[in-house]
Amino acid sequence: MTRRIETALLVDDDDAFRTTLQGALRRRGVVARTAATIDEGLVALEYEPVDLVVIDYRMPRGDGLSALANYRKLQPDAAIVMLTGFGDIPLAVAAMREGADTLLSKPVDADKLLREAANLREAASLRDRQRPPPSSAAAPTPPPGSLKLDELEREAIRAALRESGGVVATAAKLLGIDRRTLQRKLRKLGS
Numbered sequence: 011m012t013r014r015i016e017t018a019l020l021v022d023d024d025d026a027f028r029t030t031l032q033g034a035l036r037r038r039g040v041v042a043r044t045a046a047t048i049d050e051g052l053v054a055l056e057y058e059p060v061d062l063v064v065i066d067y068r069m070p071r072g073d074g075l076s077a078l079a080n081y082r083k084l085q086p087d088a089a090i091v092m093l094t095g096f097g098d099i100p101l102a103v104a105a106m107r108e109g110a111d112t113l114l115s116k117p118v119d120a121d122k123l124l125r126e127a128a129n130l131r132e133a134a135s136l137r138d139r140q141r142p143p144p145s146s147a148a149a150p151t152p153p154p155g156s157l158k159l160d161e162l163e164r165e166a167i168r169a170a171l172r173e174s175g176g177v178v179a180t181a182a183k184l185l186g187i188d189r190r191t192l193q194r195k196l197r198k199l200g201s
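Next comes the structure, spelled out in structure tokens:
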């Protein structure tokens, strides 16, 4: 069962988009607050924690990407979603590295946003429950070479290609990645 999103903070300089998304979330039972600037959003989080932070990538006084670490520090358990109208793979990677849980393209559907955020929170909750309690003994380190990530990736790609009858686009869907990403991996792996 996914964890329901009850509170949200929307940080976006576009007044029309921000208030429209706020209204859509409120109609779905979410207590949604807004902020027009990065600093305004950070101040809001200091006083009231939220389940979901939605932050725009491009803002006039500082971009959302550079603020992600501060938002994550203030809200370590919240789902943080970066929105952009200019999405690409390097931006998605940078956003995850800085603290976002995912990157979605604008305009975003409120139902999709809530589903994605609830799934992210549930996945985090499962990881926390499965994590062994901290102990004084360090976890055993596997012997060098025993974990062959390239081989695991190569085998998963081969299996997806077999199941898709060799159709790269279908195999990419099975793997949950973009077709172009799979094509790059195939070139890299020499498959």
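Each residue of the sequence shown is one higher than the one before, starting from 11 at the first, in the numbering used here. All C-beta atoms in this analysis are idealised placements derived from N, C-alpha and C, irrespective of residue type, glycine included. The model shown is predicted, which means the values in this text are computed figures rather than measured ones.
| What residues match up with Ala-181 in a beta bridge as DSSP calls it? | In the sequence shown, counting from the first residue as 1, residue 181 sits at position 171. Per DSSP, none; premise fails for Ala-181.
| message | Less than 8 Å between the beta carbons of Leu-20 and Arg-28, yes or no? | response | For this step, residue 20 is matched to residue 10 along the sequence shown. For this step, residue 28 is matched to residue 18 along the sequence shown. The answer is yes: Cβ separation under 8 Å.
| Spatial neighbours of Ala-77 in its chain, beta-carbon cut-off 6 Å, leaving aside the 5 residues before and after | The count along the sequence shown starts at 1 and reaches residue 77 at position 67. Once the five neighbours on either side are set aside, the close Cβ partners of Ala-77 are Ile-48.
| said: Spatial neighbours of Leu-185 within its chain, please: C-beta separation below 6 Å, excluding the five flanking residues on both sides. | reply: Counting from 1 along the sequence shown, the entry for residue 185 is found at position 175. These residues qualify, in order along the chain: Ala-170.
| query | Of all the options Arg-37, Leu-114, Leu-84, Arg-190, which has the alpha carbon lying nearest to the alpha carbon of Tyr-57? | reply | To locate residue 57, count along the sequence shown from 1; it is residue 47. Closest by alpha carbon: Leu-84.
| Ile-65 in three-state terms, based on DSSP | Position 55 of the sequence shown, counting from 1, holds the residue named residue 65. If DSSP states are grouped into helix, strand and coil, Ile-65 belongs with the strands.
| query | Expressed to the nearest angstrom, what Euclidean distance is found between the alpha-carbon atoms of Pro-70 and Asp-25? | reply | Mapped onto the sequence shown, residue 70 falls at position 60. Mapped onto the sequence shown, residue 25 falls at position 15. Each residue's CA atom was taken as its position, placing Pro-70 and Asp-25 some 13 Å apart.
| Below 8 Å between beta carbons: does that hold for Asp-61 and Glu-16? | Here residue 61 refers to the residue found at position 51 of the sequence shown. Here residue 16 refers to the residue found at position 6 of the sequence shown. With respect to Glu-16, Asp-61 sits close: the two C-beta atoms are nearer than 8 Å.
| field | Same chain, Cβ closer than 7 Å to Ala-54, five either side skipped, listed in chain order | value | As a position in the sequence shown, residue 54 is number 44, starting the count at 1. Here the set comprises Leu-19, Arg-43, Ala-45.
| query | If you draw a straight line from the alpha carbon of Lys-198 to that of Ser-115, how long is it in whole angstroms? | reply | Taking the first residue of the sequence shown as position 1, residue 198 is located at position 188. Taking the first residue of the sequence shown as position 1, residue 115 is located at position 105. Rounded to the nearest angstrom, the gap between the Cα atoms of Lys-198 and Ser-115 is 28 Å.
| query | By DSSP, does Ala-45 sit in helix, in strand, or in coil? | reply | Position 35 of the sequence shown, counted from the start, is the residue given in the question as residue 45. If DSSP states are grouped into helix, strand and coil, Ala-45 belongs with the strands.
| said: Excluding the 5 residues flanking Asp-23 on each side, which residues of the same chain have their C-beta closer than 6 Å to its C-beta? | reply: Residue numbering aside, residue 23 sits at position 13 when the sequence shown is read from its first letter. The answer, listed in chain order, is Ala-46, Met-69, Pro-70.
| Which term fits Glu-126, buried or exposed, when burial requires 16 or more other beta carbons within 10 angstroms of its beta carbon? | One-based indexing of the sequence shown puts residue 126 at position 116. With 16 or more other Cβ atoms within 10 Å, it is buried.
| message | For Leu-31 and Ala-120, which I take to be in contact (beta-carbon distance under 8 Å), what is that distance rounded to the nearest angstrom? | response | Numbered from its first residue, the sequence shown carries residue 31 at position 21. Numbered from its first residue, the sequence shown carries residue 120 at position 110. The Cβ separation is near 6 Å, so the contact holds.
| Beta-carbon proximity list for Arg-38, same chain, < 7 Å, skipping 5 on both sides | As a working note, residue 38 is residue 28 in the sequence shown. Counting only Cβ-Cβ distances below 7 Å, and skipping sequence neighbours, we find Ala-120, Leu-124.
| request: Please classify Met-11: is it buried, with 16 or more other beta-carbons within 10 angstroms of its beta-carbon, or exposed? | output: The residue given as residue 11 occupies position 1 in the sequence shown. Reliability of the predicted coordinates at Met-11 is poor, the pLDDT of 48 falling under 50, and no value is obtained from them.
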